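In order, the protein sequences belong to chains A and B.
Under our numbering, think of the first position of the first sequence as -9, with each following residue one higher.
Under our numbering, think of the first position of the second sequence as -9, with each following residue one higher.
Structure first, then comments.
Number of protein chains: 2
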Amino acid sequence: MIRYHFGYDQPDRARAGKRLRPQLLLRTALAEGGAVDCALDAAVAIEILHNYSLVHDDIEDGDELRHGRTTIWKKFGVPHGINAGDALCAISYLTLLHEEAVVPPNRVVEMLHVLHEANLRMCEGQGLDIGFETRPDVAMSQYLEMIAGKTGALFAASCQLGALAGGAALERAAAYAALGRAYGLAFQIRDDVLGTWGATDVTGKPSGADILRRKWSFPIVWALGTGPSRDRDVIVRAYAPGATAPDVPLVIAALERLGARNAADAAHDRALDDADTIARASNLDERRTIRDFLAEGARRVA
Amino acid sequence: MIRYHFGYDQPDRARAGKRLRPQLLLRTALAEGGAVDCALDAAVAIEILHNYSLVHDDIEDGDELRHGRTTIWKKFGVPHGINAGDALCAISYLTLLHEEAVVPPNRVVEMLHVLHEANLRMCEGQGLDIGFETRPDVAMSQYLEMIAGKTGALFAASCQLGALAGGAALERAAAYAALGRAYGLAFQIRDDVLGTWGATDVTGKPSGADILRRKWSFPIVWALGTGPSRDRDVIVRAYAPGATAPDVPLVIAALERLGARNAADAAHDRALDDADTIARASNLDERRTIRDFLAEGARRVA
Chain A
-9 MIRYHFGYDQ
1 PDRARAGKRL
11 RPQLLLRTAL
21 AEGGAVDCAL
31 DAAVAIEILH
41 NYSLVHDDIE
51 DGDELRHGRT
61 TIWKKFGVPH
71 GINAGDALCA
81 ISYLTLLHEE
91 AVVPPNRVVE
101 MLHVLHEANL
111 RMCEGQGLDI
121 GFETRPDVAM
131 SQYLEMIAGK
141 TGALFAASCQ
151 LGALAGGAAL
161 ERAAAYAALG
171 RAYGLAFQIR
181 DDVLGTWGAT
191 DVTGKPSGAD
201 ILRRKWSFPI
211 VWALGTGPSR
221 DRDVIVRAYA
231 PGATAPDVPL
241 VIAALERLGA
251 RNAADAAHDR
261 ALDDADTIAR
271 ASNLDERRTI
281 RDFLAEGARR
291 VA
Chain B
-9 MIRYHFGYDQ
1 PDRARAGKRL
11 RPQLLLRTAL
21 AEGGAVDCAL
31 DAAVAIEILH
41 NYSLVHDDIE
51 DGDELRHGRT
61 TIWKKFGVPH
71 GINAGDALCA
81 ISYLTLLHEE
91 AVVPPNRVVE
101 MLHVLHEANL
111 RMCEGQGLDI
121 GFETRPDVAM
131 SQYLEMIAGK
141 TGALFAASCQ
151 LGALAGGAAL
161 ERAAAYAALG
171 RAYGLAFQIR
181 DDVLGTWGAT
191 DVTGKPSGAD
201 ILRRKWSFPI
211 VWALGTGPSR
221 DRDVIVRAYA
231 PGATAPDVPL
241 VIAALERLGA
251 RNAADAAHDR
261 ALDDADTIAR
271 ASNLDERRTI
281 RDFLAEGARR
291 VA
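Listed below in structure tokens is the structure:
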């Protein structure tokens, strides 16, 4: 099942995914003067941990497709889906323990601490997200707390683990975590914009997919935070629990008239500015490499 | 949700469970000359890991009650159930990392390795068990492989972690793992006997609960391994996929005539004899303390 999930059962049709997190990790390790060998197991570990969360999220969200293939739970049943995700989680940690061969034990313990904490933060974010499903609205502060867990925690851990594997001091690695968190926020907002306005041939999902699923994305949450208006009412009605399937073009038009797309783009840019500030304050010189890579990744998606 | 699972929302009605695994761990640590303080975090970690597996197993098996209370997934929904289990898993590892305060980092890394491997073995056992559900029969070797993962792995880890926390050398700790595995086998066979013949007021489940659920228990698997007979046919029909609910008294009578109860008791005693042999070979002196404790635990259940 795990081979199936990664597409290894059909190597010619295998899809690698973007692998943003391990790339972030390796680039940070290199930026801190580490060798790739010192960070490779950690990079694999973070990608596997990400995939454990995807396998469980797909069950929790009822998603039947990922990367154009039937999800594990849909193909093999929910029990196997939960269990395969659990196994991926264990394999992720076991992979990180391989670092023992090239990194001192106290450093491995620090790295495990980072990975376990990130996992717990992810669960907290996912718990909030599940709770949001039955609500009529979600405040911006709650949305930000949710994505800080669901997305930010693993981006932060990617940079922090890379720094630790690369030999950075604890404090410097913590600065990289803050950098990763800012990147994660930027990435998630960009992802939300693509989930609303991205073309099908690019995202692999129907345009407005997030709206059809009534996902609490940045544009929606932002629009609900604006004052009373007919456009806001359109969104309130579309996201009302128990309402019929939303009229996607109508909601997108309302979002645009309210200025939600510009607001999302501005929030994305502010998150990158925050990353700038963090990097400058801690003198994280190789930041641009990582940022350029992220922008490149976003272009490939967009 | 986690507070609810442990019964901490109603302290006067809280049920501690048997806590066999942490007790095994602490007793092994003491037997190896360690102080309780050196093993307490590991003991908490193993109990939490056990509970993560219970929360997910309840979803996978569709169980709606545990210790007389509605299970997490039944009360809060499957998505929250999966996620709460994931959080428990992360919390278990984070708890073990607390050992860092009293145990050297390289030893903590060894202990984490044991806990992660045990988790992976549990998933393998659970994967087998899920696969068994749709089968017309299960061979004894497959049953043994399944419970070695589902039950044996965590019993083995309990003893091994206790030995490591208590200061035992790696090889000696591995001998304790073998001891724990033998105890796990004995415990599971006893548990299967109780699931078939245990009285309701003792087990909290209806008599023959395992048969009603068509669980592949030791007595059933053993009985299917006997030669052709009318009693064996009764069991084959009761466990046929898609058959109507089994006639429990009929199946129990067939098991008894075939000698399945005696066979289970004998296998239980052989597992304890194996434990004896292991303990003697490696000179694990405090074994009796652990064994007596296990017998006492079994009596409390029986």
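Just so it is clear, CB atoms sit at the ideal spot from N, CA and C, and this is done for glycine as well.
None of these values were measured; they are calculated from a predicted model.
> Mapping DSSP to helix, strand and coil, what is L274 of chain B?
Replying inline: coil
> Applying the criterion that 16 or more other CB atoms from any shown protein chain within 10 Å of the CB defines a buried residue, is M112 of chain B buried or exposed?
Replying inline: buried
> Any idea what DSSP makes of T18 of chain A, helix, strand or coil?
Replying inline: helix
>> Tell me the rounded alpha-carbon separation between A158 of chain B and E22 of chain B.
In response: So the two alpha carbons sit approximately 6 Å from each other.
> So, is the C-beta of I49 of chain B closer than 8 Å to a C-beta in chain A?
Replying inline: yes
>> 8 Å is my cut-off, CB to CB: does A77 of chain B come that close to chain A?
In response: yes
>> On the criterion of 16 or more Cβ atoms from any shown chain inside 10 Å, does K140 of chain A qualify as buried, or is it exposed?
In response: buried
> Can you tell me whether DSSP reads R203 of chain A as helix, strand or coil?
Replying inline: coil
> Going by other Cβ atoms of all chains shown within 10 Å of its Cβ, with 16 needed for buried, is A176 of chain B buried or exposed?
Replying inline: Burial state of A176 of chain B is buried, judged by a 10 Å Cβ sphere holding 16 or more other Cβ atoms.
>> Let's see if you can read the secondary structure: which residues bound the alpha helix (DSSP H) around E246 of chain B?
In response: Its alpha helix (DSSP H) spans residues 238 to 248.
>> Taking the beta carbon of E161 of chain A as the centre, do at least 16 other beta carbons fall within 10 Å, making it buried, or is it exposed?
In response: exposed
>> Residues in the same chain with beta-carbon distance under 8 Å from D27 of chain A, minus the five sequence neighbours each way, listed in chain order, please.
In response: V92
> On the premise that T18 of chain B lies in contact with G156 of chain B, defined as a C-beta separation below 8 Å, what is that separation, rounded to the nearest angstrom?
Replying inline: With a Cβ gap of about 6 Å, G156 of chain B and T18 of chain B count as contacting.
> Exposed or buried, what is R(-7) of chain B when buried is set at 16 or more other beta-carbons lying within 10 Å of its beta-carbon?
Replying inline: So R(-7) of chain B counts as exposed.
> Which residues in the same chain have their Cβ closer than 6 Å to the Cβ of I179 of chain B, if we skip the five residues on either side of it in sequence?
Replying inline: F208, A254, A257, H258
>> So if DSSP puts R59 of chain A in a beta bridge, which residue, or which two residues, is it bridged to?
In response: In DSSP, R59 of chain A forms a bridge with A:R56.
>> Let's test the definition: count the other Cβ atoms within 10 Å of the Cβ of E100 of chain B and tell me whether it reaches 16, buried, or not, exposed.
In response: buried
> Looking at G170 of chain A and C149 of chain A, is the spacing between their C-beta atoms short of 8 Å?
Replying inline: yes
> Would you say H46 of chain A faces chain B, with C-beta separation under 8 Å as the test?
Replying inline: yes
> How is A292 of chain B classed by DSSP in three states: helix, strand or coil?
Replying inline: Confidence is the limiting factor: at A292 of chain B the pLDDT is only 40, short of 50, which leaves the residue's position unreliable, though a coordinate-based value still follows. DSSP places A292 of chain B in coil when its eight states are reduced to three.
> Should P218 of chain B be flagged as near chain A, meaning a C-beta pair shorter than 8 Å?
Replying inline: no
>> Less than 6 Å between C-beta atoms, sequence neighbours within five positions excluded: which residues of the same chain meet that for L245 of chain A?
In response: The residues are P209, A213.
>> Which residues of the segment 109 to 124 of chain B have a Cβ closer than 7 Å to any Cβ of chain A? Give them in chain order.
In response: N109, L110, C113, Q116, G117, I120
> Counting contacts by CB-CB distance shorter than 8 Å, is A80 of chain B in contact with chain A?
Replying inline: yes
>> In whole angstroms, give me the CA-to-CA distance for Y83 of chain A and L10 of chain B.
In response: In a straight line, the C-alpha of Y83 of chain A is about 25 Å away from that of L10 of chain B.
> Near F66 of chain A, which residues of its chain fall below 7 Å by C-beta distance, leaving aside the five closest residues on each side in sequence?
Replying inline: Closer than 7 Å at Cβ, skipping near neighbours: M(-9).
>> Here's a check: name, in chain order, each residue in its chain whose Cβ is nearer than 7 Å to the Cβ of G198 of chain A, leaving out the five neighbours to either side.
In response: T186, V238, I242
> Are L102 of chain A and L102 of chain B close, meaning C-beta to C-beta below 8 Å?
Replying inline: yes
> Per DSSP, what kind of secondary structure is S219 of chain A in: helix, strand or coil?
Replying inline: coil
> Expressed to the nearest angstrom, what Euclidean distance is found between the alpha-carbon atoms of T267 of chain A and L134 of chain B?
Replying inline: 58 Å
> In this structure, does DSSP put E123 of chain A in helix, strand or coil?
Replying inline: It is coil, neither helix nor strand.
> From which residue to which residue does the alpha helix (DSSP H) around S197 of chain B run?
Replying inline: Where S197 of chain B is concerned, there is no enclosing alpha helix (DSSP H), given that its DSSP letter is neither H nor E.
>> I'd like to know whether the C-beta of H106 of chain B is nearer than 8 Å to at least one C-beta of chain A.
In response: yes
> Can you round the beta-carbon distance between I49 of chain B and I72 of chain B to whole angstroms, since I take them to be within the 8 Å contact cut?
Replying inline: 7 Å
> So, is G75 of chain A buried or exposed, given that buried needs 16 or more other C-beta atoms within 10 angstroms?
Replying inline: buried
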